[in-house]
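S.K.: Residue 63 is where the sequence shown starts when you use this note's numbering, and the numbers rise one by one after that. Ideal placement from N, C-alpha and C gives every residue a C-beta, glycine not left out. Note that this is a predicted model, so its numbers are computed, not measured.
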Amino acid sequence: MTRDQMITHLLEANAVALIAALHGHHPFGAVLVGPDGKILMRQGNIDTVHHAETELARRAAVAYAPEYLWTCTLVSTGEPCAMCSGTLYWANIGRLVYGFEEGALLEMTADHPENPTMSLSSRQVLQSGQKKIEVHGPFHEVEDELLAPHRDFWRR
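Right, here's the structure in full:
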């Protein structure tokens with residue numbers, strides 16, 4: 063997947079995040095991209111425990127064989143937390159692409175009770191496992207656009 067393709071998929075994940083926010087959910091979005099570059103699944107955030115990436119990885123693990131998922135990419139607007147990174151790992155999804163780092167989100171959310179961020183990068187979580195999962199991100203050229211839905215949401 064080229065950098066331009068990754069950015070295109072990040073913007074699609076952001077469209078999912080905007081829809082989630084319209085329904086009162088946290089403004090995170092994720093898409094699962096197959097080896098041919100087509101989007102297989104979309105998922106918005108539901109709540110503090112049902113993150114977009116976790117729900118997408120769980121659904122994918124039910125729908126597709128582990129060998130196929132190894133050729134797929136999970137694309138997320140934000141850097142997946144430890145829970146989401148672990149779920150991606152166990153679902154056997156072979157590549158992660160994310161738009162902005164957890165630290166950028168922490169600057170906006172501070173100690174918001176619905177988003178108690180952790181200082182544990184997705185790379186650190188994934189490197190702790192036995193599989194070599196590719197990680198690409200952040201993408202600073204679209205970071206502002208991906209963070210935009212969060213600016214007002216976390217002030218409520």
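Report yes if the CB atom of His-113 is closer than 8 Å to the CB atom of Met-170, and no otherwise.
M.R.: no
S.K.: In chain order, which alpha helix (DSSP H) runs of at least 4 residues are fully inside the region 90-152?
M.R.: Within the region 90-152, the complete alpha helix (DSSP H) segments at least 4 residues long are 114-125, 128-131, listed from N- to C-terminus.
S.K.: Hey, could you find the ends of the alpha helix (DSSP H) Leu-158 is sitting in?
M.R.: Leu-158 -> not in any alpha helix (DSSP H); beta strand (DSSP E) instead, spanning 157-162.
S.K.: Count the other CB atoms, across all protein chains shown, that sit within 10 Å of the CB of His-71; report buried if there are 16 or more and exposed otherwise.
M.R.: buried
S.K.: Secondary structure at His-202, three-state DSSP: helix, strand or coil?
M.R.: For His-202, the secondary structure class from DSSP, reduced to helix, strand or coil, is helix.
S.K.: Taking 8 Å as the cut-off, decide whether the C-beta atoms of Ser-184 and Ser-147 are in contact.
M.R.: yes
S.K.: Which two residues bound the contiguous alpha helix (DSSP H) that contains Leu-188?
M.R.: In the DSSP annotation of this structure, the continuous segment of the alpha helix (DSSP H) that includes Leu-188 starts and ends at 184-189.
S.K.: How is the alpha helix (DSSP H) around Ile-69 delimited, first residue to last?
M.R.: That run of the alpha helix (DSSP H) goes 65-84.
S.K.: Since I believe Ala-92 is in contact with Leu-118 (beta carbons under 8 Å), could you give me their beta-carbon distance rounded to a whole number of angstroms?
M.R.: About 5 Å separates the two Cβ atoms, so the contact holds.
S.K.: I'd like to confirm the pairing. Which residues does DSSP put opposite Glu-196 in its beta bridges?
M.R.: Arg-157
S.K.: So, does the region 200-212 touch the region 130-138, judging by three or more C-beta pairs under 8 Å?
M.R.: The region 200-212 and the region 130-138 do not touch, with fewer than 3 CB-CB distances between them shorter than 8 Å.
S.K.: Skipping 5 residues on each side, what residues in its chain have a beta carbon closer than 8 Å to that of Ile-69?
M.R.: Phe-201, Glu-203, Val-204
S.K.: Would Leu-208 pass as a contact of Thr-139 if the rule is Cβ separation under 8 Å?
M.R.: yes
S.K.: My assumption, with CB atoms under 8 Å, is that Val-78 sits in contact with Gly-106. Please give the rounded CB distance.
M.R.: 5 Å
S.K.: Exposed or buried, which one is His-88 when buried takes at least 16 other CB atoms within 10 Å?
M.R.: buried
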